DNA sequence: TAACGGAGCGCC
DNA sequence: AAAGGGCGCTCCGTTA
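Numbering (the UniProt record's numbering), first residue to last: 1 to 531.
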């Protein structure tokens, strides 16, 4: 059973169950809660516009179909990546009407200040676009997989909203102590923290002239002035230079990053009531990985993990998928030898034997195959891979070839990479053409693996969400890692749920396969204790 | 003054 | 000879 939903102003809305007329309700949350008992699939234009208000009213839903995300997936599949994919845009295309631009991004947001907001989609529009999407899904090469993709992406939208609602535990006091220890007390506006200033002074003294260590250009000039020209100011380059200014400069760069990225100002904006609430963007990365549009949740430095502490009497279950991408490749390529190795807990160790018994060599070979790496020993190791694991090798080679030739590649479930730009087509027939072709080949080579890994992770989360015992909550997700916040006495049950979810996700995507996808799940009081 | 690209580096 | 994929975020310094 599907129920089309449109949220109206003032907490009201319109509901349209399959085969029935739309009906307006004064209090949407209450009406939705009632219907949820029948476990319908909620169909709406955009989860971000409807679900947060429902969550705020205490309503949680099992499943949905997000028209905007689905439209993006379908357009991508149809080779029309990047066209407007809101429900309104989809509706307009259906009727040959002018297609409204998606409004996101700072420029578009500003424009809407002066233009009239488009009216919210109505339930009839929602139902019509949904029907059209279901038709289009039936015409892709493997509708069953694509349906799974749409379900997983939509579940991701629910989860992202729920995680935003719940927030990740974040101890402001521990954060402040950490910052003060590293940087000195919080400075008054416009000043550098004491320890940062002291390092800047040491750098100036070492070079004999003050300069702004935040400026790469000025760093280059400073090294030049002491007779030590540098090609770049990257840490690993600077590290090699023998000069008294190097140590304080590197220390400055490290601390300055913490100060500006995850310092007090950041906390003022993103942390409230002991919770860090970032804004996740489902499918924000072309490969289907999530992105964030604020808070930088996916780039929290490891030193900050000690700030993430479970509430009193609660625990954090932190689980990450081990060696996810090579396992995904093994499952997709149907490479018997690689799949057998991927049946082991340590895939790289299981692979070591053909690579001279060196686990590191096996790892480098796999990474080079998936990333298109060619430096150092990679060519030699790739030759071994080609011989011993021909199907896996051929799988990524085919993806690379498709990219080089300007064709599209797809993930296991059907997420499609963007087509090459007009600029690329120009470049590729010019003098620098081989370089452009190789770059795109590396992109598509990686896409098929990374995008399928993202699908596995999404499926894992969707299954896990359904298995979690109340009041356990997913509170963080980062590519191949999930975090659950739960009462301490539920920890064991949650760890078991993670294992089961990994198994079910594997079955959903790949069916029977010898490849295992082990999750390392640990119950900890503090995130920093998980690694 | 705002916008933008580049540099650099955090995460996977 | 060397050649790694994907992001977000902040700073700088230039340009519009």
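Even for Gly, the Cβ is constructed at its ideal location relative to N, Cα and C. Note that the structure is a prediction, hence the values are computed from the model and not measured.
Inter-residue distance for residue 86 and residue 345 is about 42 Å (C-alpha atoms, whole angstroms).
For residue 211, same chain residues with a beta-carbon under 6 Å away, outside a window of 5 residues either side, are 218, 222 in chain order. Restricting attention to 506, 460, 188, the CA atom closest to the CA of residue 343 is found in 506. Under the DSSP assignment, residue 203 falls in the alpha helix (DSSP H) whose first and last residues are 194-207.
Contact between the segment 271-278 and the segment 239-246 is absent, with fewer than three C-beta pairs closer than 8 Å. Assigned with DSSP and collapsed to three states, residue 385 falls in helix. Here residue 91 is not near residue 69, since their CB atoms are 8 Å or more apart. For the set 455, 416, 410, 406, the Cα lying nearest the Cα of residue 423 is the one of 406. Bounds of the beta strand (DSSP E) holding residue 519 are 519-524. Here the alpha carbons of residue 220 and residue 231 stand approximately 8 Å from one another. Secondary structure at residue 316: strand, using DSSP grouped into helix, strand and coil.
A Cβ-Cβ distance of about 12 Å is found for the pair residue 382 and residue 362, leaving them out of contact under the 8 Å criterion.
Around the beta carbon of residue 263, 16 or more other beta carbons sit within 10 angstroms, so the residue counts as buried. The beta-carbon distance between residue 485 and residue 297, rounded to whole angstroms, is 15 Å. This is too long to meet the 8 Å contact definition. In this structure residue 465 is in contact with residue 155, their Cβ atoms being roughly 7 Å apart against a cut-off of 8 Å. Taking 8 Å as the cut-off, the Cβ atoms of residue 371 and residue 442 count as close. A direct Cα-to-Cα measurement between residue 499 and residue 472 gives close to 16 Å.
One thing to note: residue 137 has its Cβ within 8 Å of the Cβ of residue 147. Apart from sequence neighbours up to five positions away, the residues of its chain that approach residue 72 with a beta-carbon distance below 6 Å are 85, ordered along the chain.
Per the C-alpha coordinates, the member of 189, 481, 446, 411 positioned closest to residue 510 is 411. Counting other Cβ atoms within 10 Å of its Cβ, residue 152 reaches 16 or more and is therefore classed as buried.
Only buried fits residue 50, as 16 or more other CB atoms lie within 10 angstroms of its CB. Contact check for residue 282 and residue 462: beta-carbon distance about 12 Å, past the 8 Å limit, so the pair fails to qualify. When the alpha-carbon of residue 29 is set against those of 455, 45, 1, 61, the nearest one is in 61. Contact check for residue 25 against residue 59 fails: the beta carbons are separated by 8 Å or more. If you compare the alpha carbons of 528, 301, 5 with that of residue 122, the shortest gap goes to 5. Between the segment 188-199 and the segment 304-322 there are fewer than three inter-stretch CB-CB distances shorter than 8 Å, so the stretches are not counted as touching.
Rounded to whole angstroms, residue 352 and residue 393 show a C-alpha spacing of 16 Å.
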